[in-house]
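Before any comments, here is the structure.
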Amino acid sequence: KNQVEQSPQSLIILEGKNCTLQCNYTVSPFSNLRWYKQDTGRGPVSLTIMTFSENTKSNGRYTATLDADTKQSSLHITASQLSDSASYICVVTNDNYGQNFVFGPGTRLSVLP
Amino acid sequence: DVKVTQSSRYLVKRTGEKVFLECVQDMDHENMFWYRQDPGLGLRLIYFSYDVKMKEKGDIPEGYSVSREKKERFSLILESASTNQTSMYLCASAGTSVYGYTFGSGTRLTVV
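Chains Y and S, in that order, give the protein sequences. Just so you know, we're using my numbering here: the first sequence kicks off at 9 and counts up by one. Just so you know, we're using my numbering here: the second sequence kicks off at 5 and counts up by one.
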């Protein structure tokens, strides 16, 4: 069964600290993996997209890694800010067009001053 | 940038009402999607459409229908709203580029 798991379910960190969120998947075949940030009450916004051949991609203070052999991805946030408080959703797909997206349950990150 | 616009941020409807949620995209995308998002359940696909007047059921289509009369507009219809349809509804659209998949801002629907 195609599944995406994320850990931890929730995380609280202090402003300025780093953190790492995990995503494990069993989706097969694999096309790409996406990380989204979703602010409370808003739609998800794309942070990174990685295909099979990419093992790291950065977007500002966000760095995603992908190990296609172990089917794991991580999202590392550096020097966290209060505005990083959000849910982070991992999405894995075997197509580019959204028809077979498998969504993880998300990690809820709270950054405290 | 692709813009996906959902007509309402917040909506309160009564049980039994017919509810229309509208979604418009401005990038000539072929594919459009409706999801609902509930705590602990993540995003679940209700319906998607890969062309005008075409629609496919997603994972949880019961109680919903959709309409795609024009390429840029995809409507989700709750024929007779029920309290278990209280949820966050998200529209998305996608074209041929892997980078083109974009969500709208969401509509928080409350059925009382």
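In this text, a Cβ means the ideal position worked out from N, Cα and C, and glycines have one as well.
Taking TYR7/Y as part of the beta strand (DSSP E), name the residues at either end of that continuous run. Residue 7/Y lies beyond the stretch modelled for chain Y, which goes from 9 to 121, so this question has no answer here.
Relative to chain S, which residues along the region 61-78 of chain Y have a C-beta separation below 9 Å, given in chain order? none
Please report the distance separating the alpha-carbon of SER91/Y from that of HIS33/S. 31 Å
Going along chain Y, which residues have a C-beta under 8 Å from SER109/S? ARG50, GLY51
Between which two residues does the beta strand (DSSP E) containing GLN41/S stretch? 35-42
Helix, strand or coil: which one does DSSP assign to LEU117/Y? strand
Sequence ranges, alpha helix (DSSP H) only - wholly within the region 54-87 of chain Y, length at least 4: none
Could you check what DSSP says for THR48/Y in three-state terms: helix, strand or coil? coil
List the residues of chain Y whose Cβ lies closer than 8 Å to the Cβ of LEU94/S, in chain order. GLY51, PRO52
Kindly indicate the opening and closing residues of the beta strand (DSSP E) around PHE38/Y. First-last for PHE38/Y: undefined, no H or E at that position.
Which of helix, strand or coil does DSSP assign to LEU25/S? strand
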